[in-house]
Amino acid sequence: MPKYMKKGAYLFVYLMLAISILGIIKYIWINIQSVIIAFTVENTEGAQVFTLSNFERLFAEFATADSGQVAYLINTFKYFGISVFKILLAFVVSYFLYKKVMGYKFFRFVFYLPCIISPIVLVMTYKDILRVEGPLWQLINSIFGHGYEEIFTNKDAATNAILSYVLWTGFGVALLIFVGSMNRIPESIIESGQIDGAGMWREFFSLVLPLAWETLSTMLLLTFVCIFTASGPILYFTAGNYETSTISFWIFNSVLGGMYNYPAAVGLFYTVVAIPFVWIVKVIMDKFNAQVTY
Amino acid sequence: MRKNVNKNPVMIIMTVIFMLYAVSILFVMVWGLNISLMSRKDYNQAKLFPTSLQFVNYITAWTELSANGISMIEMIINSVWYAVGASAFSVLFSSMTSYVIAKYKFPGRGFFYGWAIVTMMIPILGSAPSAIRFYDMLGIYDSQFLIIMFASSWGQNFVILYATFKSVSWEYAEAAFIDGANHLTVWYKIMLPQVISPMIALFMVEFIGRWGDSETALLFLPNHPSLASGLYIYKRINETRLNTPALFSGLMLCTVPVLVLYICFQKSIMEIQLDGGLKG
């Protein structure tokens, strides 16, 4: 850095970072407290005392096949699977938008709408369309002569219906990011491929995928980070009833109900499990990185 | 070259699939509007369309919808305060942090960059109880001042703005320094205007997300419900005697601000890019 730029540089830098440093302190404080809460319970006199009982309770639940925690974990994996699928689907959809499929500007606008509209609005409307005597029920009833039972109070159907909703609400910011990433690919590379006779699929797998891989791998990694936090708008659908809860929703609902220690212990357990998993995924993603610059 | 691809059968099939998906999205919007214009009688009789359009539901929504004694007007004020304040803080401080890390070399730079990337990859669960206690200790739990806690400079905003600042030429800044400008002047007069478009886009994306977020308000602002959390509370409390068309009118009103912003700023939002991935 030249001398004329050095004057007051450090003071400026650290003042600019002041709020971020406070943010780091907040982050550390909250998470240390979270660990402490996980290892404590409130005794009869209202004091917090050290204990391992929160974790013993969690492992006891894991040992019981039909316990709540096992069900939450299974549901969480379902949402996680949908999240990964959505990222991959968003990449494919982005390719067609990048290739300027007919009406691509309109589609790009509409496909992002589910992210714009408040989840409570979409969920309430979606539920109303699917409710008994709603429009879908009436359509099926008119075709087959009978409708269907209430979906969101049926534990065999509720989670799948919410998963369908999560899939239907689409691709989120990933779509915009992928299209942006593909638009940065030099036109000359694509044209060279086309001159060499590369068809659409060849172009997708041999040119676009490697050149946009860094963005795709980043988005996939960020999805894998959420392996145990994957969830949907369960609050609006069922409030966790009818066996629809996930780990993160159960934690949210428990805290909302005033229970702190056990949810903190469950959260800590999954955080500890997730960290090595995420880093292994990152190492694998980096190995596949094409290291392409353009 | 690309225009020829549109005649490809695959592209035609994809256009049809995309059209069906787009129609399904628009149908849900229209259906919500349809219910908001029904009478309670029509709705309870499971009619598909209103016998007559009940625009009065939108007036009823203003007077009838409330949560924990908080009127719809107050919920809107809470939503604006929370969504605008938290989003503005978040994007502004992210820009400050990402700017100095991208453009300056200083002791601790590697730590801060590493912190941003590592914390993005640590999936913290169950920290809400300690966050409640922390905010309570600071006296901002269930207070409008809680938004200062959302002045987070890390996460996705940091990554995107860091990549943006990296791509901005430093030559203008050098010229300004030679002309006698100080660091602060260079930042807000030279560098910030060059990234204003992605900053607006990030603000919009964050604003839209926070406008629809009810879980944060339910946990941390129980007596200051936002529009989203307030309508949820109204629905939960009045489950058995719910005025569904009025509720849907409220939901439609909740949609208007974000829809208008989306239409106005769609070009900026569509240009969000995550260049460079995560290099840890």
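Line by line, the protein sequences are chains A and B.
Reminder that position 160 of the first sequence reads as 160 in the numbering used here, one-by-one numbering, no gaps.
Reminder that position 39 of the second sequence reads as 1039 in the numbering used here, one-by-one numbering, no gaps.
Backbone N, C-alpha and C define an ideal beta-carbon position, used for all residues, glycine too.
Query	Result
The region 262 to 274 of chain A contacting the region 109 to 123 of chain A, beta-carbon criterion three pairs below 8 angstroms	no
Supposed contact pair residue 215 of chain A and residue 185 of chain A - C-beta distance, whole angstroms, cut 8 angstroms	Between residue 215 of chain A and residue 185 of chain A the Cβ distance is about 11 angstroms, and since that is not below 8 angstroms, they are no contact.
Residue 967 of chain B and residue 1264 of chain B closer than 8 angstroms at C-beta	The question about residue 967 of chain B has no answer, for chain B in this structure spans 1001 to 1280.
Cutoff 8 angstroms: residue 1264 of chain B Cβ touching any chain A Cβ	no
Exposure of residue 1035 of chain B, with buried meaning 16 or more beta-carbon neighbours within 10 Å	buried
Continuous alpha helix (DSSP H) assignments of at least 4 residues falling wholly in the region 1107 to 1131 of chain B	1109 to 1120
Distance CB(residue 9 of chain A)-CB(residue 1183 of chain B) smaller than 8 angstroms	yes
Within 8 angstroms, strictly: CB atoms of residue 1165 of chain B and residue 1116 of chain B	no
Chain-order list of residues whose beta-carbon lies under 8 angstroms from that of residue 1106 of chain B (same chain, five-residue window excluded)	1100
Inter-residue Cα distance where the pair is residue 1215 of chain B and residue 1133 of chain B	17 angstroms
Per-residue contacts from residue 188 of chain A into chain B (C-beta, under 9 angstroms)	Per Cβ cutoff of 9 angstroms: no residues; residue 188 of chain A is ~11 angstroms from chain B at best.
Contacting residues, own chain, Cβ-Cβ under 8 angstroms from residue 64 of chain A (five flanking each side not counted)	70
Residue 50 of chain A - containing beta strand (DSSP E), residue span	48 to 50
Residues of the region 1097 to 1113 of chain B with Cβ closer than 9 angstroms to any Cβ of chain A, in chain order	1097, 1099, 1100, 1101, 1104, 1105, 1106, 1107, 1108, 1109, 1112
Reference residue 1120 of chain B; option with closest CA among B/1170, B/1062, B/1159, B/1088	B/1159
Validate contact between the region 1184 to 1199 of chain B and the region 1209 to 1227 of chain B using beta carbons, cut 8 angstroms, 3 pairs	no
N- and C-terminal bounds of the beta strand (DSSP E) containing residue 70 of chain A	Note, residue 70 of chain A: premise wrong, no beta strand (DSSP E); alpha helix (DSSP H) at 68 to 98.
Sequence-distant residues of its chain with Cβ nearer than 8 angstroms to residue 50 of chain A (five each side left out)	39, 40
Between the CA atoms of residue 1126 of chain B and residue 33 of chain A - distance to the nearest angstrom	11 angstroms
Cβ-based burial, residue 1256 of chain B [other Cβ within 10 Å; buried from 16]	exposed
Secondary structure of residue 1201 of chain B, DSSP reduced to three states	helix
Cβ-based burial, residue 128 of chain A [other Cβ within 10 Å; buried from 16]	buried
Inter-stretch contact (C-beta, 8 angstroms, three-pair minimum) for the region 100 to 113 of chain A and the region 272 to 285 of chain A	no
N-terminal and C-terminal residue of the beta strand (DSSP E) that residue 1216 of chain B is part of	Unbroken run through residue 1216 of chain B is the alpha helix (DSSP H), 1215 to 1220; no beta strand (DSSP E).
4-residue-minimum alpha helix (DSSP H) runs that sit fully inside the region 6 to 39 of chain A, ordered along the chain	9 to 16, 18 to 38
Where the alpha helix (DSSP H) through residue 115 of chain A begins and ends	113 to 116
C-beta neighbour in chain A for residue 1087 of chain B, strict 8 angstroms	no
Partner residues on chain A for residue 1270 of chain B, Cβ-Cβ distance less than 7 angstroms	108, 176
CB contact check: residue 1001 of chain B to chain A, cutoff 8 angstroms	With a pLDDT of only 46 at residue 1001 of chain B, under 50, the local geometry of the prediction cannot be trusted, and the value read off the model is given with reservation. Judged by the 8 angstroms Cβ criterion, residue 1001 of chain B is in contact with chain A.
For residue 171 of chain A, the nearest candidate out of B/1022, B/1243, B/1251, B/1016 (CA to CA)	B/1022
Any C-beta of chain A under 8 angstroms from that of residue 1198 of chain B	no
Beta strand (DSSP E) segments (min. 3 residues) lying fully within the region 1129 to 1197 of chain B	none
Burial state of residue 959 of chain B, where buried means 16 or more other Cβ atoms lie within 10 Å	Residue 959 of chain B falls outside the range modelled here, since chain B spans only 1001 to 1280, and no answer is possible.
Bridge partner(s) assigned by DSSP for residue 41 of chain A	A/49
CA-to-CA distance, residue 30 of chain A to residue 1137 of chain B, given in whole angstroms	12 angstroms
Validate contact between the region 1058 to 1070 of chain B and the region 148 to 162 of chain A using beta carbons, cut 8 angstroms, 3 pairs	no
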